[in-house]
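Presented below is the structure to which this report refers.
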Amino acid sequence: MSLKAILSAVLFAPTLALAALPAGTMYKDPYCGCCGEHAKYLRNAGFDIKEVVRQDMQSVKQQYGTDIAQSCHTIVMQGYAIEGHVPANAIRKLLKEKPNAKGITVSGMPATSPGMGDYKVGTIAVEIIGKDGSLKPYGKF
Numbered sequence: 326m327s328l329k330a331i332l333s334a335v336l337f338a339p340t341l342a343l344a345a346l347p348a349g350t351m352y353k354d355p356y357c358g359c360c361g362e363h364a365k366y367l368r369n370a371g372f373d374i375k376e377v378v379r380q381d382m383q384s385v386k387q388q389y390g391t392d393i394a395q396s397c398h399t400i401v402m403q404g405y406a407i408e409g410h411v412p413a414n415a416i417r418k419l420l421k422e423k424p425n426a427k428g429i430t431v432s433g434m435p436a437t438s439p440g441m442g443d444y445k446v447g448t449i450a451v452e453i454i455g456k457d458g459s460l461k462p463y464g465k466f
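In this note's numbering, the protein residues as written are 326 to 466.
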C-alpha cells in the first residue's frame, strides 16, 4: 500500500465513521422516564440521539404528523418522524429504503419494546405513516 493510500485512510476514516452515524432529535415530555431509556438503547445501537424536553408534545406530534398513532416521544431523523419505542432495525430499514412517508410508529408503549423493559426481538409491530396520514404495517421487529 502506498504512503498516499495510508494517509488517506488515516485522515478520512474518522470522517466516514461520523457521517455513517445516524443522528436524530428526540422530543419528550419532562415527566416520562422511558423516553430516556429508549434514547440510551438507540445510542447503544449506534444512533446519535439528542434529547429535547418539551411541554407541548401534542403540538410536536401534530407538526410531524405522528398524532394519528401516538406514543410518549417523537424522534426526527433524516426527514422522518419516528414515534414511540421503535426498534433500531426498523429505523435502519426506514433510512435505507427511504419510503415516501412521514415516518414510522410503535403506537402506545408496549411492555416488550426497547426502552420499556425486556425487549423481545420480533414482537414489536411497526407501522408506516403515509404522507396522507394513513397507517400500514411495516413489519415486526
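Every residue gets a Cβ at the ideal spot worked out from N, C-alpha and C, and that includes glycine. Computed from a predicted model, the values in this text were never measured in an experiment.
CB contact flag (residue i, residue j, <8 Å)
i	j	result
T399	Y352	yes
S396	G404	no
G458	I407	no
A370	A415	no
L420	I429	no
Sequence-distant residues of the same chain with beta carbon closer than 8 Å to residue i, five excluded per side
i	result
T340	For T340, the pLDDT reaches just 44, beneath the cut-off of 50, and the residue's location in the model is therefore unreliable, leaving the point undetermined.
I374	A348, G349, T350, M351, A364, L367, R368 and I400
P424	I453
K465	G447, T448, I449, A450 and V451
Beta-carbon proximity list for residue i, same chain, < 6 Å, skipping 5 on both sides
i	result
M494	Residue 494 lies beyond the stretch modelled for the chain, which goes from 326 to 466, so this question has no answer here.
G469	No answer is possible for residue 469: it lies beyond the span of the chain, which begins at 326 and ends at 466.
T448	T437
Exposed unless 16 or more other CB atoms sit within 10 angstroms - verdict on residue i
i	result
V431	buried
P462	exposed
G440	buried
L346	exposed
K445	exposed
G358	exposed
N378	The question names Asn, yet the displayed sequence has Val at residue 378. Exposed.
Same chain, Cβ closer than 7 Å to residue i, neighbours up to 5 away in sequence not counted
i	result
K456	N425, A426 and K427
E362	G440
Start and end residues, beta strand (DSSP E) containing residue i
i	result
L346	No beta strand (DSSP E) holds L346; DSSP gives it neither H nor E.
G455	A450 to G455
G428	A426 to T430
I462	According to the sequence as given, residue 462 is Pro; it is not Ile. Its beta strand (DSSP E) spans residues L460 to K465.
Chain D within 8 Å of residue i, Cβ atoms only
i	result
P435	Here chain D cannot be found, since the structure has a single protein chain.
For this session: Write down every uninterrupted run of the alpha helix (DSSP H) in the stretch 360–415 whose length is 4 residues or greater and which is fully enclosed by it, in chain order.
Result: Fully enclosed alpha helix (DSSP H) runs of 4 or longer: 382–389.
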